[in-house]
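*Asks:* Numbering (the working numbering), first residue to last: 642 to 911.
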Amino acid sequence: MTHSSSYQARAVGANGLIEYTDIDHGTWTLLHKRQRILTEQCAHPLISVALRALSLPDRHVPQCAEVSERLNAMTGWSMAPVPALIDFSTFYGMLAGRCFPAASFIRRREELDYLKEPDIFHEIFGHSPILAIPELAEFSERIGELGVQCPAEWHPWIARLHWFTIEFGLMRHQGERRALGAGLISSASELRYSVRSSQPVVRPFNLLDCLRTPYRIDILQPLYFELEDLRSLGALSNAEIIRSMHQAREMGSHEPLYTPKKRQSVEEPC
Ligand SMILES: [Fe+2]
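1) Grouping DSSP H, G and I as helix and E and B as strand, with all else coil, what is CYS911?
2) Looking only at its own chain, which residues have a Cβ that is under 8 Å from the Cβ of GLU920, when we skip the five neighbours before and after it?
3) Find the nearest neighbour of THR716 within the set GLU831, LEU772, ALA829, judged by alpha-carbon distance.
4) Please report the distance separating the alpha-carbon of ALA880 from that of GLY785.
5) Compare the beta carbon distance of PHE746 and ARG833 with 7 Å and say whether it is the shorter of the two.
6) Taking buried to mean at least 16 other C-beta atoms within 10 Å of its own C-beta, is TYR755 buried or exposed?
7) According to DSSP, what are the bridge partners of SER885?
8) For ligand 1, I want to know if PRO759 counts as a neighbour, meaning its beta carbon is within less than 6 Å of at least one of the ligand's heavy atoms.
9) Nearer than 6 Å: is that true of the beta carbon of ALA938 relative to any heavy atom of ligand 1?
10) In the structure shown, what three-state DSSP assignment does ALA684 receive?
11) According to DSSP, is ILE774 part of a helix, a strand, or is it coil?
12) Does ligand 1 have a heavy atom nearer than 6 Å to the CB of ALA652?
13) Go through its chain and collect everything with a Cβ distance to CYS705's Cβ below 6 Å, but skip five positions before and after it.
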């Protein structure tokens, strides 16, 4: 959200739409085709069902307005284009209002496989199915509410909860590991890796554990949390999350399972 970017936000025209080039539409088409196949194989069926219900276009970059129309009918959410970089307060404020802030640019062809910052493919292909699933839509809104209610110094802990659930969460399905988070759903390499590789550590979802776990945004995740079902998120009260954030702060962060960068990501608690 707040790190530097080599991409520029696309301007919204007077008609409220963003104009994309043929190259942009071609990039979307390639990404969409590949991820539709992979999500059927590796994502939780709830995601595949939501993607089918959303019926995202396969040959052009969708406008937020057209996705919002479908989302609104399903869960009351919408998506709106924002500049590539927004701060935590804006991000959480929009989530609290059931409006997802979507970066408007699309990745370059040379970064087709991996991009450390969210582009329109990640936002729409990764997040719209999440926002179409009522329990996850509600949890996204609650993350926003927490971000609005808590002082800014707590935002990095809320970011961890968001990261390990909405962005990179896994969920069991008939005894198997399946991808749920938007960061996985929109990434060809990490979608396969998170579900099929024995390399990452996979732990059952635990709120305190998750809040104490640092992450890096620019690598394949060395650790994922796996939900048994969506009830485990729905059952968390805001009061319990706030209590656990205090506890996590007192106890300190776990040792990272990656090599820390010299300058830690600003998403991380300092
Ligand atoms: Fe995201």
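Think of the CB as a built atom: it goes at the ideal place given N, C-alpha and C, for glycine as much as any other residue.
Nothing here was measured: the structure is a model prediction, and the numbers come from that model.
*Replies:* Short version:
1) Low confidence applies here, because CYS911 scores a pLDDT of 26, under 50, leaving its location unreliable and the question unanswered by this model.
2) Residue 920 lies beyond the stretch modelled for the chain, which goes from 642 to 911, so this question has no answer here.
3) LEU772
4) 14 Å
5) no
6) exposed
7) Its beta-bridge partners do not exist; DSSP assigns none.
8) yes
9) Missing from the structure shown is residue 938; the chain here goes from 642 to 911 and no further.
10) strand
11) coil
12) Result no, Cβ not under 6 Å from ligand 1.
13) So the qualifying residues of the chain are MET720, ALA721, PRO722, ALA743.
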